[in-house]
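Which chain is which? The protein sequence lines are L and V, in order.
Sequential numbering of the first sequence, starting at 146, is according to the numbering used here.
Sequential numbering of the second sequence, starting at 7, is according to the numbering used here.
All residues carry an ideal CB built from backbone N, CA and C; glycine is no exception.
Keep in mind the model is a prediction, meaning the values are calculated, not measured.
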Amino acid sequence: MAEEKEFQPVIVGFFCNWCTATAADLAGTLRMQYPANIRPIRTMCSGSVDPVYVLRALLGGADGVIVGGCTPGDCHYVSGNYKARRRMAILKTMLKTLGIEDDRVWIRWISAAEGAKFARTMREVTESIKKLGPNPLREDWSI
Amino acid sequence: MKEKRIGVFVCHCGLNIAGTVDVEQVVEQIKDYPGVAHAEHYIYMCSDPGQELVRKAIKEKGLDGIIMSNCSPSLHQATFRKLAASEGVNPYFCEIANIREQCSWPHAGDKETATRKAVAIIKAIIEKLRRNISLTPLVVPLTKRVLVIGAGVAGMQAALDIADSGYEVVLVEQSPSIGGHTAQLSETFLTGDVIPGLVSPMMSKIASHPNISLYAYSELEDVSGYVGNFQVSIRRKATSVDESKCNYCGLCLESCPVKTASEFDRELAQRGAIYIPFLEALPQRPVIDRETCRHFGGDKCQACQEACPQNAIDFKQEDTIVEEEVGAIIVATGYELFPCTGIAEYASDPDVIDGLQFERLLSPSGPTSGEVRKPSDGKIPEQVVFLQCVGSRDPEHGVSYCSRVCCMYVAKHALLYKQAVPEGQAYVFYMDIRSDAKGYEEYVKKMVDEERVLYLRGRVSRIFRDGDKLKVWGSDTLTGKSIEIAADLVVLATAMVPNPGAKELARKLNIIVDQYGFITEAHIKLRPVETLTAGIYLAGTAQWPRDLPDTIASASGAASKILSLFSRRELLHEPTVAVVDPEVCRGCGQCVAICAFKAIELDPVKKVAWVNEAICDGCGACAVTCPSGAMQHRNWTARQFFEVIDIATAEYV
């Protein structure tokens, strides 16, 4: 009997240029390994991530989305991460009404120095989304 | 928009990329992608032959956009944008696809998946580049003058460094004299330099420097503008003395009937309502303190006016506002001390004093002419207890950080006390001794070994008055015994806290303060003398507690950053900023409210938003907020995001 292929989620990552994307570079430089399910998008700031972008990713079939910003108080643009936090909090309440598990959207603060935290977070988010299973919208589209 | 002819260059980076990503496969999958006119791979794209290959392809294939698929943009984006520009390709048509740090390195051992991810990353960047518009950096003018706020030792050092390099400095100090807290000190630790010999020459150099405009007894009223082009207004508080008439004879000082606590002598001496803060004060001119002056209190007193032979006293003088234009600003607002009364268990008593008060007692120009005498009765104290970490490292009562200088100045206090009163006994209660700089450890050790200062490791629980003595109850955690000392004088090394005005000033300057009120630097490790607002720098203890050499170093660091800024003829600013479509904008002003940089204004006539591109730092927050889509982030438009996201979700691992 053919072994059933393990579900491999697609996770879109919006990583701010100054902290989390730099942490991602650092994780790579340190050769820390994490699953390749993450599709990294380098944004200038977590505050430039429109909730609509997150929705676009989910509607497009992404199984999860992670927004990474600077740690609170350290935003390169003063307060972009706080803006992101509020936006994602509101978005999560809306996702439930749309029938999408809000656990599919993560927001994390990873500073430029935290390569290990970046790699660990990528492993965590991948594991967590694997447990949630495929994005239900993806099933619907494929009918 | 005309479709670009894009070249994709895939780097092997030796085996760093090619060991994990099948670069040939990548080129194979990319070469026919829409917009791609050329694709190739090479062992080292950043090498000379690699760059030559890119040049050749641009020329031969007529490329007007390139995607370098290699390491992080933080490494070689500048290299390749320069290369693009040299071949006539707009530098903003050069994008980096990071397939090393974010693909080959973290996914070693899974060639198939890593290759697929690399292709997805490159395709996403292709979609972004297809919609990039050509841009040129903005040129903004540069006013080569500097505002320094605070004329303590940090502000003075920075002002002198800049002024000596030939640029004009506007130096603003809120108190009547420059010199800061350093002028209050007796002598330095470690070297024993007397402070007047150290600070006075600096002060007089400031006062006479042709490139320095000094505004003492003045405050920053308002700031607008951006790096290279700040407009500042300075409030010169009324001194009530006409400077053009005053001949500094000092008769007014003697005539004043008011006696109030001297700030400079930390309330250990008195001054009149018209006063010069201290002997070596600069500018050496009297100031009327309107809070304590009887004339301003409603009384008819005109003693100083009557005493003045020059008729220089002007009770009607008003504050004046001075406008200045500068290109850079240094914040050097310094520190204050945590109050002695901050801990209820420690008696509020004239003989319980703080470190700066003890400095005044030690200072030859102080209230006791340098003799160590009790403030209460003027007697020589025979038992003196020094307490470290009062309010520091104590989140319950004060602050959780270490004030960094107390260990060292307490050692100096104990030494100077022993020199003044050789038969006296000095006790030091400490938590840990932090003597972490050149010669510091040896200095503290000398106090213990040679000067026989009794260092007791532990805290003091209570200090209270008992007859003519102060009872100090503490514990020695090394012997486990409780200790009671009948002291004559107790000196509290209270925590260094930020200048209480720093928060308000930071708000005016649009810079950040931390939870305590210290100014936050751009990066605590890599950019310690800059703030996140371009053109605003910081120096000295406004940032964090530090001692004299560290303060001087940070001040000179800030000055040198400004000198390097001023070495340019004009400033270049990234053009990837927000832009408004005035046809779409309905002037709701949400972007104005969300901008952390005050870069957006509403045009009062057209009722549409307007972005000051020189101030905008390109974070993109306004574009997200805009309800109509009128605001867009150049080269990161919503359209570009959508295309990039669609690529990211198009293929499954």
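In this structure, the alpha-carbon of L:Asp195 lies about 14 Å from that of L:Met239.
Per the DSSP secondary-structure output, L:Gly213 pairs in a beta bridge with L:Phe160 and L:Arg253. Three or more pairs of CB atoms, one per stretch, sit closer than 8 Å, so the region 252-259 of chain L contacts the region 162-172 of chain L.
What L:Ser193 touches in chain V, judged by beta-carbon distance under 8 Å, is Cys625, Gly626, Ala627, Ala629, Val630, His639 and Trp642, going in chain order. For V:Met637, no alpha helix (DSSP H) encloses it; the enclosing beta strand (DSSP E) starts and ends at Met637 to His639. At the C-beta level, V:Cys17 and V:Asn76 come within 7 Å of one another.
V:Asp295 sits away from V:Ala313, with the two beta carbons spaced by 7 Å or more. Membership of V:Thr326 in the beta strand (DSSP E) is indicated by the continuous run Thr326 to Val332. If you draw a straight line from the Cα of V:Asn505 to the Cα of V:Trp642, it is about 41 Å long. Contacts with chain V at 7 Å (Cβ-Cβ) include L:Met189.
Neighbourhood of V:Asp652 in chain L, by CB distance below 7 Å: Gly205, in chain order.
In the DSSP annotation of this structure, the continuous segment of the alpha helix (DSSP H) that includes V:Pro207 starts and ends at Ile201 to Ser214. A distance below 8 Å between beta-carbons, with the five flanking residues on each side excluded, links V:Gly172 to the following residues of its chain, in chain order: Asn217. In this structure, V:Pro610 is the residue among V:Asp438, V:Pro610, V:His579 and V:Ser488 with its C-alpha nearest to the C-alpha of V:Arg592. No Cβ of chain V is located within less than 7 Å of the beta carbon of L:Tyr227. Sequence-distant Cβ neighbours of V:Val332 in its own chain, meaning closer than 7 Å and more than five residues away, are Thr149, Arg151, Val152, Leu153, Val176, Phe236 and Val238.
The DSSP-derived three-state label of V:Ile102 is strand. In this structure, V:Ala318 sits away from V:Ser261, with a CB-CB distance that is not shorter than 7 Å. Minimum Cα-Cα distance from V:Leu538 among the listed residues L:Tyr222, L:Ala172 and L:Tyr198 corresponds to L:Tyr222. No Cβ-Cβ contact shorter than 7 Å links V:Leu226 with V:Ile168. The beta carbon of V:Glu30 sits closer than 8 Å to those of His47, all from its chain and outside the five residues before and after it, given in chain order.
Distance from the Cα of V:Leu476 is smallest, within the candidate group V:Ala620, V:Tyr352, V:Ser230 and V:Tyr407, for V:Tyr352. V:Met637 sits close to V:Cys597, with the two beta carbons spaced by under 7 Å.
Per DSSP, L:Ser273 has no beta bridge partner at all. Chain-order list of chain L residues neighbouring V:Pro581: empty, with the shortest C-beta distance near 13 Å, by a criterion of under 9 Å. Against L:Pro185, the close residues of chain V are Asn104, Gln108 and Ile127, in the order they occur along the chain (beta-carbon pairs closer than 8 Å). With 16 or more other CB atoms across the displayed protein chains lying within 10 angstroms of its CB, V:Thr26 is buried.
Against chain V, a Cβ distance below 8 Å from L:Asp170 picks out Ser78, Ser80, Asn104, Glu107 and Gln108. Identification of chain L residues near V:Lys612 by a Cβ-Cβ cut-off of 8 Å yields none; the smallest Cβ-Cβ distance measures about 26 Å. Within chain V, the residues whose beta carbon sits less than 7 Å from that of L:Met177 are Pro112, listed in sequence order. Any Cβ of chain V closer than 7 Å to the Cβ of L:Ala202 would place that residue at the interface, and such an atom is present.
For V:His82, the secondary structure class from DSSP, reduced to helix, strand or coil, is helix. For V:Phe321, no Cβ of chain L is located within less than 7 Å of the residue's own Cβ. Here the C-alpha atom of V:Met51 lies approximately 11 Å from the C-alpha atom of V:Ile73.
Annotated three-state conformation of V:Ser369 is coil, per DSSP. Around V:Lys123, the beta-carbon contacts reaching into chain L at under 7 Å are Ala181.
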